[in-house]
Amino acid sequence: MSFDSLGLCAELLSAIATQGYTEPTPIQTEAIPVIFAGSDLLAGAQTGTGKTAAFALPIVQMLSSDPVLKKRRNPRALVLVPTRELAAQVSEQMQNYGRRLSLRSTNIYGGVNIQAQIERLHRGVDIVVATPGRLLDHAERGTINLGEIGFLVLDEADRMLDLGFIDAMLKVAEYLPPARQTLLFSATYSKNIKQLADELLDQPRRIEVVRRNIAADAVTQIVYPVERSRKRELISHLIRKGEWRQVLVFTRTRYSADKLTAELLFDGINAAPIHSNKSQSIRTRTLAEFKRGELRVLVATDVAARGLDIEQLPYVINYELPQVPENYVHRIGRTGRAKESGMALSLVCEPEKPMLAAIEKLLNYKIPRKTIDEFPVIAVKRGMKLSPAKKKRLAEPKKKPVKAAKSPASVKTTKPKRKKPVEERPAPKVGRRGARSKKF
Ligand code: AMP
């Protein structure tokens with residue numbers, strides 16, 4: 049597929065060539081025709097997929113093709129974004145494409161003087177890229193007229209929800225004409241995103257892509273098949289033996305984040321949880337400690353990790369796999385520095401196998417398996433019941449005839465720490481309920 053076949057005009061093709069893009073990314077290939085066709089769009093795509101150009105190119109072209117409307121002073125396209133950094137980024141792309149077609153664009157966000165923004169809006173713009181709060185402020189003061197908006201883009205809609213912009217988004221929508229084209233981009237698809245889409249979109253087309261080559265990129269992925277009851281020992285073993293210093297661990301629920309944190313602390317590993325039950329000030333402090341290297345392990349839930357700037361870590365461990373495969377991509381995207389490779393490890397027990405299969409299907413990649421002697425995998429057939437004694441016997445490493453003395457570290461970890469029958473109960477109900485309703 050080439051950019052030529054997407055119906056883009058010569059000016060935009062030249063802008064694309066200047067940027068060095070040779071072929072459209074999957075989100076561009078799929079979204080651009082849908083946008084040109086006039087449909088609303090619900091797109092599952094995260095940063096790094098080329099989503100900005102996917103909406104910016106067709107919008108700019110459609111805005112420029114109406115010579116009458118072109119003379120208007122009120123904005124005709126509005127892009128809502130969660131942060132001022134993203135506003136600046138998206139606005140730069142809009143300007144880059146737009147100026148070739150004589151379109152004016154500006155960005156509007158909070159934390160800066162409003163007067164300069166009022167003046168820019170007064171001079172007239174075609175495209176506004178804004179954070180919801182400050183835009184609403186302008187709408188309420190009457191310093192922006194949103195009555196001629198023909199295109200509304202909700203970019204990184206899931207992050208806008210995480211940051212509590214739902215009311216501001218819905219209020220902004222009240223200022224917009226109902227006859228408009230609305231495009232919603234979100235890295236994950238949750239019940240809340242669905243509700244937002246039901247509220248603001250009209251019979252949207254749905255498309256979904258994941259970041260390209262994530263599996264082959266800078267992240268080394270490994271699956272450790274392990275019994276659920278031995279995950280805690282295995283994680284302590286990996287962190288200590290590898291002498292890992294900055295480790296982000298994901299659990300599915302707040303309950304398991306707290307439980308694992310307590311266990312790691314018990315094992316002498318400095319850890320702290322970060323999830324939505326913690327106050328904002330505690331979260332900020334914990335994150336700062338983790339970034340400064342004072343905290344070895346940060347145990348996070350998906351929701352808590354989403355709003356945090358904790359990217360590019362050397363190690364990410366999935367203590368429990370996420371219920372929805374896209375969140376795996378999210379999680380492991382936190383590792384992999386620019387030139388160094390990152391490690392994303394997943395501790396996977398038997399009941400999680402279907403989740404692993406779904407993740408591998410999404411990635412189109414079979415993640416390499418690894419076992420360590422101290423943590424053998426017990427092949428238990430579905431429905432097979434084992435007595436605690438048999439389970440213990442199976443869990444013990446096979447005795448080899450003559451074995452060289454083990455290193456003190458590995459001897460230590462082979463000792464079963466808990467003699468009690470292992471936890472075989474399913475994950476707590478709150479977790480599963482939480483996963484369905486809150487995690488995405
Ligand atoms: P985005 O997902 O919009 O944040 O884009 C991520 C990065 O991909 C940006 O640095 C873009 O400049 C780049 N990009 C967007 N489209 C293409 C393309 N077709 N080919 C190569 N790079 C692209």
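Here the working numbering runs 48 ahead of the position in the sequence shown, where the first position is 1.
We put the beta carbon where it would ideally sit given N, CA and C, even for glycine.
From a predicted model like this one, the values you see are computed outputs, not experimental measurements.
- The ligand AMP has a heavy atom closer than 7 Å to the beta-carbon of tyrosine 69.
- At the C-beta level, alanine 235 and histidine 378 come within 8 Å of one another.
- Annotation: the continuous beta strand (DSSP E) that includes alanine 348 extends over 345–348.
- Rounded to the nearest whole angstrom, the C-alpha separation of alanine 135 and lysine 307 is 38 Å.
- In the DSSP secondary-structure assignment, proline 273 is bridged to Val396.
- Excluding its 5 nearest sequence neighbours in each direction, leucine 209 has C-beta neighbours in its own chain below 6 Å: Asn240, listed in chain order.
- CA-CA distance, methionine 110 to leucine 200, rounds to 13 Å.
- Around the beta-carbon of isoleucine 330, fewer than 16 other beta-carbon atoms lie within 10 Å, marking it exposed.
- When distances are taken from the beta-carbon of glycine 98 to the heavy atoms of the ligand AMP, the shortest one is below 7 Å.
- Between the C-alpha atoms of isoleucine 420 and aspartate 350 there is a straight-line separation of about 28 Å.
- Beta-bridge analysis with DSSP links tyrosine 363 to Val295, Met391.
- Here valine 177 is actually not in contact with tyrosine 145; their C-beta atoms are around 12 Å apart, not less than 8 Å.
- Taking glycine 212 as the centre and dropping the five residues before and after it, the same chain places no C-beta closer than 8 Å to its C-beta.
- CA-CA distance, asparagine 193 to proline 130, rounds to 21 Å.
- Taken in chain order, the complete beta strand (DSSP E) segments of 3 or more residues contained in the region 52–135 are 89–92, 125–128.
- The shortest C-alpha to C-alpha distance from glycine 341 to any of Glu204, Trp292, Ala63, Arg182 is the one to Trp292.
- Setting aside the 5 residues that flank it on each side, lysine 219 is surrounded in the same chain by Leu184, each with a C-beta closer than 7 Å to its C-beta; the list follows chain order.
- Segment contact: the region 246–256 against the region 214–232, three or more CB-CB distances shorter than 8 Å; contact assigned.
- Close CB contacts of tyrosine 223 within its chain, under the 6 Å cut and outside five residues either way in sequence, are with Ala187, Leu194 (chain order).
- Threonine 97 places its beta carbon less than 8 Å from that of valine 257.
- DSSP places alanine 319 within a strand segment (E or B) once states are collapsed to three.
- For glutamate 256, the secondary structure class from DSSP, reduced to helix, strand or coil, is strand.
- Straight across, the Cα-Cα distance linking leucine 169 with threonine 191 is about 7 Å.
- Contact between the region 275–291 and the region 408–419 is absent: fewer than three C-beta pairs spanning the two stretches fall below 8 Å.
- Every unbroken stretch of the beta strand (DSSP E) spanning 3 or more residues and falling wholly within the region 148–218 is given here in chain order: 153–156, 175–178, 199–202.
- In the three-state DSSP reduction, threonine 332 falls in the helix class (H, G or I).
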